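Note sheet for the following structure.
There are 2 protein chains.
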Amino acid sequence: MQAYLELEARKKRVAALNNAMGILQWDQATMMPDGAAPARASTLAELSVMVHEMETGSALSDLIERAESESGQLDSWQRANLREIKHQFTHANAMPAALVEKLVLAQSESEMTWRQARARNDFKSLAPKLDTLFALKREEAEVKASVMGVTPYEALLDQFDPGRREVQVDAIFDDLEQFLPGFVQQVMEKQAQQPRAVMPAGPFPVAQQMALSHEVMRILGFPFERGRLDTAHHPFSGGADGDIRITTRYDESDFTRSLMAVIHETGHALYEDGRPAKWLGQPVGNSRGMTLHESQSLLLEMQAARSEEFIRFILPTIRRLLGGSGPAWEPGNILRLYRRVEPGLIRVFADEVTYPLHVILRYRLEKAILADELRTDDLPLAWNDMMEQLVGIRPTDDRDGVMQDVHWPEGIFGYFPTYSLGAMAAAQLFAAAKRDDADILPGLGRGDVSPLFDWLDRNIRSQGCLFMPDELIANATGAELGTAAFKASIRQRYLE
Amino acid sequence: MQAYLELEARKKRVAALNNAMGILQWDQATMMPDGAAPARASTLAELSVMVHEMETGSALSDLIERAESESGQLDSWQRANLREIKHQFTHANAMPAALVEKLVLAQSESEMTWRQARARNDFKSLAPKLDTLFALKREEAEVKASVMGVTPYEALLDQFDPGRREVQVDAIFDDLEQFLPGFVQQVMEKQAQQPRAVMPAGPFPVAQQMALSHEVMRILGFPFERGRLDTAHHPFSGGADGDIRITTRYDESDFTRSLMAVIHETGHALYEDGRPAKWLGQPVGNSRGMTLHESQSLLLEMQAARSEEFIRFILPTIRRLLGGSGPAWEPGNILRLYRRVEPGLIRVFADEVTYPLHVILRYRLEKAILADELRTDDLPLAWNDMMEQLVGIRPTDDRDGVMQDVHWPEGIFGYFPTYSLGAMAAAQLFAAAKRDDADILPGLGRGDVSPLFDWLDRNIRSQGCLFMPDELIANATGAELGTAAFKASIRQRYLE
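Chains A and B, in that order, are what the protein sequence lines are. Here this note's numbering is used: the first residue of the first sequence is 1, the next is one more, and so on. Here this note's numbering is used: the first residue of the second sequence is 497, the next is one more, and so on.
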């Protein structure tokens, strides 16, 4: 197994570079002085090129082939590691260097243009940059598809959710598209008959919100000895192996946004922290793609923390730390507040019921773009029409329409589905966990996450990339990924 | 000049790794959660090995040789860059990989043992670790000396102060050893006739000291758009090209320590920030060794900031931000406070007059260790004898004697002289600057550092490694590095 061990040594080195980049990116978003941006971009670019070189080439290809011929000597984790090494190689090596370079340039230009175009509501200035970028993404998708034997869209999706097929996504999204609009209608009607949820009145000083964030993270078992919380423009979970850095931002008029962001990112962080220690630095020790990652953040944010049990437990803490009093702070109102459904134009502000509709729209449009069935100039109209059809509201400008997300201007295709596939997985995993351990909900009611986390550690976090995403979900829940648990969970929460 | 350009490309990559390590090390000292220490150590070790590999080997040696044959096509900066590239190669390539590995291990063991041995005042437990380490350092010094054609001590000194010769250091230190003890006596006698300097009474809350640090840094032109100040166990200046991170620590009973540390580190930071932008990432764009670096921090701390002009200018700001009032805050007392000479046992607390005596002691002893003329077991006695002879006080335990510094347990030999050579250079540069521009002292009196900084930018900061350290000093001051300016400056400050 000499060839295999040589691969492990190479991957250890790649991991050191990735860990360094993880901290540099966190620093860039939280600590770095603005004027250091060009120098930092150049350092990160150089390290990325080094990683790319270490992930490609015929020497590596030969080594993988030799390791595969030794696979009888490998145990199951080593075999899975070899499969993941080959998967990374396939993605990296499929890309001609010239295409990589053109993509980096086109992404950077299009993203910079997007920042200004969005502020000025000026899609026309963005369109030619997108057009160039989309053409390159089509080339990437086709090149990879031919190597991997999948459809072009699947080739991009596979980077974020390995092994995922279009037919699976179509089945889940078709189902949701059928179900959700009528369901939203029902919920709105029920909501209309109830007292209107009232937002507790601020301001909520940042220092108090920070204290609340830390206290909630403590209750949720965030490992502060191996991680920290800071402030950034956007909430994210990052850092390095064994050193998890999460961020949030604070709005003094609304404490719930930051609180929910912190819970969401804590879910991501606990997944990272719970990976098999022995395999950190090797591909098999990674988290199992973005659908699974999102399942862990949404399970905490949408399933566990929004359970009636947890809200009743945490409310006194929130009131104590923020000094809240009055009718807006009564449990009944807070529960209604957290279960408000309201169709809107902006994905990142959407509630969990309408959120998948935003994702379905993007999924359909990005497939059309990749298939060259939709001209870039026609994108705003297509967006607005589909938004009206799916969500029932029509954007009045492109800022709140096609230009709201950074993903396409950054050349990120095939990522959007994982948000909603993650929501499906979160509901399915939470249902399975509750079925396996009846103390999970009562635990949340007393602020004890250990029953839930024991289950997650055993079934998800400790598994790394031992299995493919679908196997992992099926092993944990006894079923294929589907919509049933999600539908049941929102029915129970919003209609019962 | 293809070979030369290939060398530049390689160095750009090494710089990216060094910049990444600079930020990782800063993060480790300021932000990193404690539990991430093992993971961070492993990442830094892997990146260091990568750098070492990129700095050595026959391919690089060939490339340097080819570039040297093209040197007719290179301009003066490129030629200097090639000289520096070769210098780095010589140091790195001289070391057999096995020796590097043994040294890393021995340094780590000896430094860990030192932490505990120092706390317990137990030199006996440290001695065997030092013994092993010293033997390896002797091996390193001899290996490098034979490649470089210098003495073993010079081979180590050369890493920190390229081109420096023992005979130069001996001349300067012999001179100081002759001069300082009698001078200290004179100053002590004069001090005894003056009112005793009184320390302003605290406590000085950390938040107020932080505000003062930032205000003083602003006055001194610290580039906050490309740098920041944070808190760490020890003051240092670090970070990356174009991104200067300095640190300090706060003592609520004594604001002067933190303030002086901040000014000192700002001096280091301004040197880093003032290097030639075009050459950042190439060896010729680096600062010109530790003697020059220390000259820049000490010039700011000991020459500029302790001038009567600057102290009178800054005092109202200090009083305003710290709320100071009463006789201890009168300019006369503050000036006396900053010009107090008091022989002591601890180098880092020493005043500028007795400081060189501490360095001379270390210089003599580390030369004896390297020459194998002093047994490790005899080191404490030799230390105490020499301390008594040079400074006039005898340590009562090894904690305040031979175990006070981390340098030897970390395997750092040849570094100590640069502290005092830097002090000589600081005085010499400041004298030359004042001679060249009569507005420098009046500028400091009105809080305007631009006359001084224009001179430093032109003569030192912008010069990178275009010249060797001695040439740089001679170009700037018209004289070789010596003791005259230092002696004149302390005579003027302490006796006039």
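For every residue, glycine included, the Cβ atom is placed at its ideal position computed from N, Cα and C. Just so you know, these numbers come straight off a predicted model, no measurement behind them.
Using 8 Å for Cβ pairs, my map puts residue 818/B next to residue 693/B. What's the rounded Cβ distance?
Position 322 of the second sequence, counted from the start, is the residue given in the question as residue 818/B. Position 197 of the second sequence, counted from the start, is the residue given in the question as residue 693/B. With a Cβ gap of about 17 Å, residue 818/B and residue 693/B do not count as contacting.
For residue 443/A, does the count of other Cβ atoms within 10 angstroms reach 16, so buried, or fall short, so exposed?
Here residue 443/A refers to the residue found at position 443 when the first sequence is read from its first residue. Buried is the call here.
Kindly confirm or deny that the region 660-677 of chain B and the region 844-857 of chain B touch, where touching means at least three C-beta pairs closer than 8 Å.
yes
Let's test the definition: count the other Cβ atoms within 10 Å of the Cβ of residue 225/A and tell me whether it reaches 16, buried, or not, exposed.
Position 225 of the first sequence, counting from 1, holds the residue named residue 225/A. Residue 225/A comes out exposed.
For residue 523/B, count neighbouring Cβ atoms within 10 angstroms of its own Cβ and tell me buried if that reaches 16, exposed if not.
Position 27 of the second sequence, counting from 1, holds the residue named residue 523/B. Around the C-beta of residue 523/B, 16 or more other C-beta atoms lie within 10 Å, and the residue is accordingly described as buried.
Under 8 Å between C-beta atoms of residue 445/A and residue 313/A
For the purposes of this step, residue 445/A is taken as the residue at position 445 of the first sequence. For the purposes of this step, residue 313/A is taken as the residue at position 313 of the first sequence. In terms of Cβ geometry, residue 445/A and residue 313/A form a close pair [threshold 8 Å].
How would you list, in chain order, the residues of chain A whose beta-carbon sits under 7 Å from the beta-carbon of residue 720/B?
For the purposes of this step, residue 720/B is taken as residue 224 along the second sequence, with counting starting at 1. Per Cβ cutoff of 7 Å: 33.
Cα separation between residue 129/A and residue 162/A?
Mapped onto the first sequence, residue 129/A falls at position 129. Mapped onto the first sequence, residue 162/A falls at position 162. Between residue 129/A and residue 162/A, the C-alpha separation is close to 29 Å.
For residue 519/B, decide whether its Cβ has a neighbour in chain A, counting only Cβ atoms nearer than 8 Å.
For the purposes of this step, residue 519/B is identified with residue 23 of the second sequence, where counting begins at 1. With 8 Å as the cut-off, residue 519/B counts as an interface residue toward chain A.
If you draw a straight line from the alpha carbon of residue 339/A to that of residue 188/A, how long is it in whole angstroms?
Residue 339/A sits at position 339 when you count from the first residue of the first sequence. Residue 188/A sits at position 188 when you count from the first residue of the first sequence. Whole-angstrom Cα-Cα distance: 11 Å.
Output yes if chain B places a C-beta closer than 8 Å to the C-beta of residue 210/A; else output no.
Here the question's residue 210/A lines up with position 210 in the first sequence. No, residue 210/A does not count as interfacial toward chain B.
Whether residue 243/A touches residue 267/A by CB criterion (8 Å)
Numbered from its first residue, the first sequence carries residue 243/A at position 243. Numbered from its first residue, the first sequence carries residue 267/A at position 267. No, they are not a contact pair.
From 200/A, 271/A, 100/A, pick the residue whose C-alpha is nearest to that of residue 220/A; which is it?
Residue 220/A sits at position 220 when you count from the first residue of the first sequence. Here the closest residue by C-alpha is 271/A.
What residues in its chain sit with their C-beta under 6 Å from that of residue 802/B, if we drop five residues either side in the sequence?
For the purposes of this step, residue 802/B is taken as residue 306 along the second sequence, with counting starting at 1. So the list reads 834, once near-sequence residues are dropped.
Would you mind giving the Cβ-Cβ distance between residue 599/B and residue 632/B, rounded to the nearest angstrom? I have them listed as a contact below 8 Å.
Translated into positions along the second sequence, residue 599/B becomes position 103. Translated into positions along the second sequence, residue 632/B becomes position 136. So it is a contact: roughly 5 Å between Cβ atoms.
So residue 47/A contacts chain B; which residues on that side make the cut at Cβ distance below 7 Å?
Position 47 of the first sequence holds residue 47/A. Residues of chain B passing the Cβ test: 512, 516.
What does the alpha-carbon distance come out to for the pair residue 96/A and residue 920/B?
Position 96 of the first sequence, counted from the first residue, corresponds to residue 96/A. Position 424 of the second sequence, counted from the first residue, corresponds to residue 920/B. Approximately 57 Å, taken between the alpha carbons.
Quick check for students: name the residue ranges of the alpha helix (DSSP H) that lie wholly in the region 336-400 of chain A, counting only runs of 4 or more.
355-370, 379-390
For residue 246/A, the first and last residue of its enclosing beta strand (DSSP E):
As a first step, residue 246/A is located in the first sequence; it is residue number 246 there, counting from the start. Residue 246/A: member of the beta strand (DSSP E) spanning 243-248, first to last residue.
Alpha-carbon spacing of residue 465/A relative to residue 241/A, whole angstroms
Taking the first residue of the first sequence as 1, we reach residue 465/A at position 465. Taking the first residue of the first sequence as 1, we reach residue 241/A at position 241. Rounded to the nearest angstrom, the two C-alpha atoms are 15 Å apart.
What number of angstroms, rounded off, separates the C-alpha of residue 714/B from the C-alpha of residue 437/A?
The residue labelled residue 714/B in the question sits at position 218 within the second sequence. The residue labelled residue 437/A in the question sits at position 437 within the first sequence. For residue 714/B and residue 437/A, the distance between alpha carbons rounds to 59 Å.
For chain A, find out if any of its Cβ atoms is closer than 8 Å to the Cβ of residue 815/B; answer yes or no.
One-based indexing of the second sequence puts residue 815/B at position 319. Cβ-Cβ to chain A under 8 Å: no for residue 815/B.
Where the region 241-274 of chain A meets chain B: residues whose CB sits under 8 Å from a CB there:
241, 242, 243
Go through its chain and collect everything with a Cβ distance to residue 179/A's Cβ below 7 Å, but skip five positions before and after it.
What you label residue 179/A is simply residue 179 of the first sequence in a count that begins at 1. Excluding sequence neighbours, residue 179/A sits near 487.
Exposed or buried, what is residue 349/A when buried is set at 16 or more other beta-carbons lying within 10 Å of its beta-carbon?
As a position in the first sequence, residue 349/A is number 349, starting the count at 1. The residue is exposed, with fewer than 16 neighbouring Cβ atoms inside 10 Å.
Counting only beta-carbon atoms, is residue 56/A nearer than 8 Å to chain B?
Translated into the one-based positions of the first sequence, residue 56/A becomes position 56. Residue 56/A does not count as touching chain B.
Is DSSP giving residue 931/B helix, strand or coil here?
Start at 1 with the first residue of the second sequence, and residue 931/B comes out as number 435. DSSP places residue 931/B in helix when its eight states are reduced to three.
Pick from 963/B, 930/B, 615/B: whose alpha carbon is nearest that of residue 949/B?
Locating residue 949/B in the second sequence gives position 453, where the first residue counts as 1. Closest by alpha carbon: 930/B.
In three-state terms, what does DSSP make of residue 325/A?
In the first sequence, residue 325/A corresponds to position 325, counting from 1. DSSP places residue 325/A in coil when its eight states are reduced to three.
Residue range of the unbroken alpha helix (DSSP H) whose run includes residue 151/A
In the first sequence, the residue the question calls residue 151/A occupies position 151. Counting along the chain, residue 151/A falls outside any alpha helix (DSSP H), and DSSP gives it neither H nor E.
Buried or exposed: which applies to residue 248/A, given that a residue is buried once 16 or more other Cβ atoms fall within 10 Å of its Cβ?
As a working mapping, residue 248/A is identified with position 248 in the first sequence. So residue 248/A counts as buried.
Where the alpha helix (DSSP H) containing residue 672/B begins and where it ends
Locating residue 672/B in the second sequence gives position 176, counting from the first residue. Per DSSP, residue 672/B belongs to the alpha helix (DSSP H) from 662-689.
State the start and end residues of the unbroken alpha helix (DSSP H) segment that holds residue 907/B.
For the purposes of this step, residue 907/B is taken as the residue at position 411 of the second sequence. No alpha helix (DSSP H) holds residue 907/B; DSSP gives it neither H nor E.
Is it true that the region 959-974 of chain B meets the region 638-655 of chain B, where meeting means three or more beta-carbon pairs spaced less than 8 Å apart?
Between the region 959-974 of chain B and the region 638-655 of chain B there are fewer than three C-beta pairs closer than 8 Å, too few to call the two in contact.
In chain order, what residues of the same chain have a beta carbon less than 8 Å from the beta carbon of residue 840/B, not counting five sequence neighbours either side?
Translated into positions along the second sequence, residue 840/B becomes position 344. So the qualifying residues of the chain are 846, 850, 887, 889.
Where do the ends of the beta strand (DSSP E) carrying residue 230/A lie?
If you number the first sequence from 1, residue 230/A lands on position 230. That run of the beta strand (DSSP E) goes 227-231.
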